[in-house]
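*Asks:* The structure under discussion is supplied below as structure tokens; questions concerning it will follow.
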Amino acid sequence: MRFPLTDLLIEEAKKFELRSACGDCFYWRTSHCAHDWPDEGQRRWPLDAPDPVTGERPTEVAFCKEFELR
């Protein structure tokens, strides 16, 4: 699921220490998802980290519906 990356979302993610990156998920296996879901847009943490290719702050964030915190 994709959502706009707003300042409020960034603030709340930091305040409540929210996690959504693949590396924090129970289903993440060293280099891939056990369910074979693509990980584009979900590996990034913090949410407002610059895009590694463009160097720009993203305008949206992706959350996986099957995310289970380790």
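Counting in this note's numbering, the final residue of the sequence shown is number 601, and the numbers go up one at a time with none missing.
Glycine is no exception: its CB is placed at the ideal position from the N, C-alpha and C atoms.
Given the structure is predicted, the values throughout are model-derived calculations rather than measurements.
Using the three-state DSSP reduction, which class does C553 fall into: helix, strand or coil?
*Replies:* Helix, per DSSP.
*Asks:* When you compare each of K546, R550 and L539 to Q573 by their alpha carbons, which one comes out closest?
*Replies:* The candidate whose alpha carbon is nearest that of Q573 is R550.
*Asks:* Can you give the beta carbon distance from L578 to L539, rounded, assuming they're within the 8 Å contact cut?
*Replies:* Contact flag wrong, Cβ pair sits at about 11 Å.
*Asks:* Spell out a yes or no on whether the segment 554 to 562 and the segment 581 to 590 are touching, meaning 3 or more CB-CB pairs, one atom from each, closer than 8 Å.
*Replies:* The segment 554 to 562 is not in contact with the segment 581 to 590.
*Asks:* Examine chain B for any beta-carbon lying closer than 8 Å to the beta-carbon of D579, and answer yes or no.
*Replies:* The question asks about chain B, but that chain is absent: this structure has only one protein chain.
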